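Undergrad:
In this note's numbering, the protein residues as written are 1199 to 1269.
1. I'd like the list of long-range same chain contacts for residue 1217, defined as Cβ closer than 8 angstroms, with 5 residues on each side in sequence excluded.
2. Pop quiz: residue 1244 and residue 1225 are said to be a contact at Cβ under 8 angstroms. What is the actual Cβ separation, rounded to whole angstroms?
3. For residue 1210 and residue 1242, which I take to be in contact (beta-carbon distance under 8 angstroms), what is that distance rounded to the nearest angstrom?
4. Between residue 1269 and residue 1208, how many whole angstroms is the CB-CB distance? I'm expecting something under 8 angstroms.
5. Say the cut is 7 angstroms; is the CB of residue 1235 nearer than that to a heavy atom of the ligand ATP?
6. Kindly indicate the opening and closing residues of the alpha helix (DSSP H) around residue 1208.
7. Give the straight-line distance between the Cα atoms of residue 1214 and residue 1266, rounded to the nearest whole angstrom.
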């Protein structure tokens, strides 16, 4: 079974890939990366020890990162 990631680990990898903190509402944090062609926005549940696989896949889709970026 694939490894579950924590929200802290996901946030640190997003920050390493030039995503910047925008806002927080309740238990969700918004990060944004402004590129030349498009702007990417990612919503991450905050303070979770394990992010479910479906939520992790959604974060990958929103950020256009690959699972290898998280290894």
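Yeah, the Cβ is synthetic: ideal placement off N, Cα and C, and Gly gets one too.
Owing to the predicted nature of the structure, the values given are computational and were not obtained by experimental measurement.
TA: A quick look at the data gives this:
1. 1229, 1230, 1231, 1238, 1240 and 1261
2. 5 angstroms
3. So it is not a contact: roughly 11 angstroms between Cβ atoms.
4. Not a contact, Cβ separation roughly 13 angstroms.
5. In the structure on display, the ligand ATP does not appear, and there are no ligands present to speak of.
6. Residue 1208 -> alpha helix (DSSP H) spans 1205-1214.
7. 14 angstroms
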